[in-house]
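Input: a single structure, listed below in structure tokens.
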Amino acid sequence: MRIGAIEAGGTKFICGIGNDKGEILDRISFPTEAPEQTLEQAVAFFGDKGVEAIGIGSFGPINLDRSNPAYGRVTTTPKPGWAGFDFVGYMKRFFPVPVGFDTDVNAAVFGEAKWGAAKGLDSCVYYTIGTGVGVGVYAEGKLVHGLVHPEGGHILTRRHPEDNFIGACPFHGDCLEGMASGPAIEKRWGVKGSELPGDHKAWEMEAYYLAQALSGVILLLSPKKVILGGGVMHQKQLFPFVRKEVARNLNGYVASPAILDDMDNYIVPPGLGDNAGLCGALALGIEASSASA
Ligand code: ADP
Ligand code: ZN
């Protein structure tokens, strides 16, 4: 079985061909430009490789309501040409096969639940902390959708007492993304996060914001695993800070051994590493294929 997978990021597209074991056999990556220009390259890559289904994990917001004629479209993005673009329809025109479509972070959490750090678990949340902050939610064995889809990167935060940064989110200023994304770190400290030393105060502050979000999601959804990915989480020293801060916030209230005794295995990096998104898209393709069988 050969499945096409697309990890459609705001700055970069990654396309792959994979099988039902989660193995990626071939891949290509190119910058995200106007939709036709970008997808032409995806179409050329899948070409005559005989894909039986395609899975897409897309930047958003996107329309995931199957009863809506706008299903499969990107909705309100400021990215030139993409607002309202019929992503699923475009791919189906070239490849008349089942197409699975979800957010990039729902794809990542799905991949992690199938083959990664949450393998065998029926619930898990995945945060990406990169250019933006996004959250994918898997609960009771299913990806969670709703009016649109989870947008937990924009929850409001309580300010760190020593933080005067106004926030970088164009919609909310000091929401989680506004305070903790890669660009927020860069604006607050005047240098890219990758250039700050590992013992810089920035990381304790970053952990403070991430831990607030995680504590909230743990109380709300009771996920069996919390996975933190994205460029900013390449700063591995964040993990112990975040775990400690979550434990401090929860203060023994959530009476699970995973939290009380085994936090190191509860808040973790992606088991699939930087492949979580692409493997997740592959998982969406496999699901679409079996749903249509
Ligand atoms: P995207 O979110 O665009 O898909 P990434 O997850 O790689 O891509 O996130 C990019 C963001 O992460 C940038 O703001 C970048 O400055 C930040 N970043 C990348 N690598 C590191 C690092 N090693 N340490 C801190 N920040 C990083
Ligand atoms: Zn916001």
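According to this note's numbering, numbering within the sequence shown proceeds without interruption in unit steps and concludes at 466. Glycine residues also receive a C-beta, built at the ideal position from the N, C-alpha and C atoms.
With the ligand ZN as the reference, list in chain order each residue whose Cβ lies under 6 angstroms from any of its heavy atoms. H327, C342, F344, H345, C348, E350, G351
### Task
Return the chain-ordered list of same chain residues with a C-beta closer than 7 angstroms to the C-beta of L198, the five sequence neighbours on each side being excluded.
I190, G191, N192
* **Local conformation of K222 per DSSP, three classes** => coil
* Asked: Near S367, what residues of its chain come up, given a Cβ to Cβ distance below 7 angstroms and the 5 sequence neighbours on each side ignored?
  -> none
query = If you measure from the CB of E359, is any heavy atom of the ligand ADP nearer than 7 angstroms?
reply = yes
Using 8 angstroms as the cut-off, can you tell me whether the stretch 307 to 324 makes contact with the stretch 206 to 221, which would need three or more C-beta pairs spanning the two stretches below that distance?
no
- Item | I190: first and last residue of the uninterrupted beta strand (DSSP E) it sits in | 185 to 191
Got a sec? Which residues, its chain only, sit under 7 angstroms from W288 by beta carbon, not counting five neighbours each side?
G195, L445, C452
**OP:** Kindly indicate which residue of C342, M406, T250 has the alpha-carbon position closest to the one of G371.
**Re:** M406
**Request:** Check whether the Cβ of Q408 lies closer than 7 angstroms to any heavy atom of the ligand ADP, and answer yes or no.
**Result:** yes
Excluding the five sequence neighbours on either side, which residues of its own chain have a C-beta within less than 7 angstroms of the C-beta of E418, listed in chain order?
A380, Y381, A384
(request) Quick one: grab the DSSP three-state call for E418. (result) helix
- Hey, is P251 close to the ligand ADP, as in C-beta under 7 angstroms from one of its heavy atoms? no
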